[in-house]
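Below: one structure, written as structure tokens.
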Amino acid sequence: MIRHVLLVVACAAGTAEADEDAVGGVSAEDTASERTAAPASEAPPVASALAQATPVLVPELQAGTLRMRVYGSLRPSLSVIHNDATLERDRWAYGVSGSRVDLGVDAAVGGGVSAVFYVRVASDRDAMGDTVARIDLERALVRYAPIPALRFSLGRDQIPLSAQSATPTVGRVFPSRIALDNAFVLPGDVGAQAQVMTSKLSAFAGVWNGVAADAMLAAGASERGLLYTTRLEVTPLGAFAFDEGVRPAQLRVGIGAAFAYRSATQFTATGAEGGHSRALRASASLRAAWQGLFVQAELLRKQITDDLSSRPDVATAVYAQASWRFAMRQLDLAPLARAGVEDRRQLSAPARATSLELGVAAFPLARATDRLQVNAMYEHHDDPDVGASQLVRATLRLSF
Numbered sequence: 030m031i032r033h034v035l036l037v038v039a040c041a042a043g044t045a046e047a048d049e050d051a052v053g054g055v056s057a058e059d060t061a062s063e064r065t066a067a068p069a070s071e072a073p074p075v076a077s078a079l080a081q082a083t084p085v086l087v088p089e090l091q092a093g094t095l096r097m098r099v100y101g102s103l104r105p106s107l108s109v110i111h112n113d114a115t116l117e118r119d120r121w122a123y124g125v126s127g128s129r130v131d132l133g134v135d136a137a138v139g140g141g142v143s144a145v146f147y148v149r150v151a152s153d154r155d156a157m158g159d160t161v162a163r164i165d166l167e168r169a170l171v172r173y174a175p176i177p178a179l180r181f182s183l184g185r186d187q188i189p190l191s192a193q194s195a196t197p198t199v200g201r202v203f204p205s206r207i208a209l210d211n212a213f214v215l216p217g218d219v220g221a222q223a224q225v226m227t228s229k230l231s232a233f234a235g236v237w238n239g240v241a242a243d244a245m246l247a248a249g250a251s252e253r254g255l256l257y258t259t260r261l262e263v264t265p266l267g268a269f270a271f272d273e274g275v276r277p278a279q280l281r282v283g284i285g286a287a288f289a290y291r292s293a294t295q296f297t298a299t300g301a302e303g304g305h306s307r308a309l310r311a312s313a314s315l316r317a318a319w320q321g322l323f324v325q326a327e328l329l330r331k332q333i334t335d336d337l338s339s340r341p342d343v344a345t346a347v348y349a350q351a352s353w354r355f356a357m358r359q360l361d362l363a364p365l366a367r368a369g370v371e372d373r374r375q376l377s378a379p380a381r382a383t384s385l386e387l388g389v390a391a392f393p394l395a396r397a398t399d400r401l402q403v404n405a406m407y408e409h410h411d412d413p414d415v416g417a418s419q420l421v422r423a424t425l426r427l428s429f
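Those letters in the sequence shown? Residues 30 to 429, per the numbering used here, in order.
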């Protein structure tokens, strides 16, 4: 009670002091600037009383031991799609499918301990062709780095199998991954991972819950089995930039390989043990960056076997992409090109899917920042299971 009375009296005294300054020809702003420049020990009684009376929400922030960074991007997208479908209703589609918002928080508490939280809110098309919103938790990690080059993490993360999945979404120059990658990439999972990062080498090794079902399952059935992953990339001329749109003045070369293995047990809808499945995924990548040029090629392969199928499910894909960024007065332009081929069910019912993407990325504020990027893309996909489709898409990406 006495503390609150003293605070009120101090506020009243401060108000009277400000009024006297105004009457005497000295403005309140001048008085405030003088107080700001004064040492902390000479702070006015009002500020001291308020500092003592106001509780600190996060004491570590005031003490300076907790460092927090908020980052992400806004990516509105407008697309027009034509499908070679039989029904007239399904031939044309347009809207904001593909738009997304990314939001991440990176907090370091000291002693090499930090935490990362990254969530994505995206618009997508459902089975009926309607645009729906989807919320994905991509990262929720606790990390420990005993030395700068070594880091351990525990929690949910994206599995770095391919070169595209190892590159964060906000760091890719293309607005999305190549569609052929969907048959090989693994969804985000919960697990533990060790990471070594130097200028000449990056290596990952992890153990995960293994939430993705590898074999065909009956209704109500489930599959359980740990997933083991490892990825290695050698960069003998130095590390790449975080953002693919940032091109180094010196040549950079990356040679990478990754493997993922999962042995799982199948359970029926009643909980009884059924068969077993084994899944092996692998990738090999080569990428290079020099001044305005960025090229990347990758080979992807998967092989899934189980106790019931007489032949394993084998698929192989290869793609290549290139972009060249150059200055044009007040902005930078980067033509984009990417093409890929996927061979599915190679040992049972062979089929081939193809993908072609052409477009351009513009950086309107390149002289000041790369945080604003505009993409215009044309895509042609030929899927043997669903037919061919053409897509025209415009995407704006604002990073923060």
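The beta-carbon is built from N, C-alpha and C at its ideal position, and this holds for glycine as well.
Contact belief for residue i with residue j at Cβ below 8 Å, rounded distance in angstroms
| i | j | result |
| --- | --- | --- |
| Gln384 | Ala368 | Contrary to the premise, residue 384 reads as Ser rather than Gln in this sequence. Going by Cβ atoms, the distance from Ser384 to Ala368 rounds to 7 Å, so yes, they are a contact pair. |
| Glu327 | Ala313 | 7 Å |
| Gly283 | Arg253 | Between Arg253 and Gly283 the Cβ distance is about 35 Å, and since that is not below 8 Å, they are no contact. |
| Leu425 | Glu408 | With 8 Å as the limit, Leu425 and Glu408 do not qualify as a contact, their Cβ atoms being about 17 Å apart. |
| Asp135 | Val145 | 5 Å |
| Gln187 | Arg168 | 7 Å |
| Ala250 | Phe296 | 6 Å |
| Gly274 | Val202 | 5 Å |
| Val125 | Ser152 | 5 Å |
| Ala397 | Ala423 | In fact, because the Cβ distance is near 23 Å, the residues do not count as touching under 8 Å. |
CA-to-CA distance, residue j to residue i, given in whole angstroms
| i | j | result |
| --- | --- | --- |
| Leu329 | Gln359 | 39 Å |
| Thr258 | Glu117 | 44 Å |
| Asp412 | Gln279 | 39 Å |
| Ala242 | Val161 | 24 Å |
| Phe271 | His305 | 40 Å |
| Glu262 | Arg291 | 22 Å |
| Gln224 | Leu103 | 29 Å |
| Ala2 | Arg206 | Since the first residue of the chain shown is 30 and the last is 429, residue 2 is not available in this structure. |
| Val138 | Gly184 | 17 Å |
| Phe288 | Pro189 | 10 Å |
| Glu180 | Arg98 | Checking the displayed sequence, the identity of residue 180 turns out to be Arg instead of Glu. Whole-angstrom Cα-Cα distance: 19 Å. |
| Ala395 | Asp414 | 42 Å |
| Ala286 | Pro341 | 23 Å |
| Thr65 | Arg96 | Because the pLDDT at Thr65 is just 30, under 50, the model does not fix this residue reliably, and the value given afterwards should be weighed accordingly. Taking the straight line from one Cα to the other gives about 25 Å. |
| Leu309 | Leu376 | 16 Å |
| Asp361 | Pro393 | 7 Å |
| Pro216 | Arg163 | 15 Å |
| Ala318 | Gly200 | 14 Å |
| Ala366 | Leu387 | 5 Å |
One or two residues paired with residue i in a DSSP bridge
| i | result |
| --- | --- |
| Arg367 | Gln350 and Glu386 |
| Lys331 | Arg310 and Ala344 |
| Thr294 | Arg253 and His305 |
| Ser143 | Ala137 and Arg172 |
| Glu408 | Glu386 and Leu420 |
| Gln325 | Arg316 and Gln350 |
| Glu262 | Ser231 and Gly285 |
| Phe181 | Tyr173 and Ala223 |
| Ala391 | Leu362 and Val403 |
| Val214 | Answer by DSSP bridge pairing: none, since Val214 is not bridged. |
| Val240 | According to DSSP, which records beta bridges pairwise, Val240 is partnered with nothing at all. |
| Leu132 | Gly101 and Val148 |
| Ala162 | Ser152 |
| Asp372 | Thr345 and Arg381 |
| Asp186 | Asp218 |
| Ser428 | Ser102 |
| Ile275 | First, the amino acid is wrong: residue 275 is Val here, not Ile. Partner(s): none; Val275 has no beta bridge. |
Extent of the continuous alpha helix (DSSP H) to which residue i belongs
| i | result |
| --- | --- |
| Ala195 | Ala192 to Ala195 |
Endpoints, the beta strand (DSSP E) within which residue i is located
| i | result |
| --- | --- |
| Thr227 | Neither: Thr227 is in no beta strand (DSSP E) and is coded neither H nor E. |
| Val99 | Arg96 to Arg104 |
| Arg201 | It is not in any beta strand (DSSP E) - Arg201 carries neither H nor E in the DSSP assignment. |
| Phe355 | Phe355 to Met357 |
| Ala122 | Trp121 to Gly124 |
Heavy atom of the ligand FAD within 7 Å of residue i beta-carbon
| i | result |
| --- | --- |
| Met357 | The ligand FAD is absent from the structure shown, which contains no ligands of any kind. |
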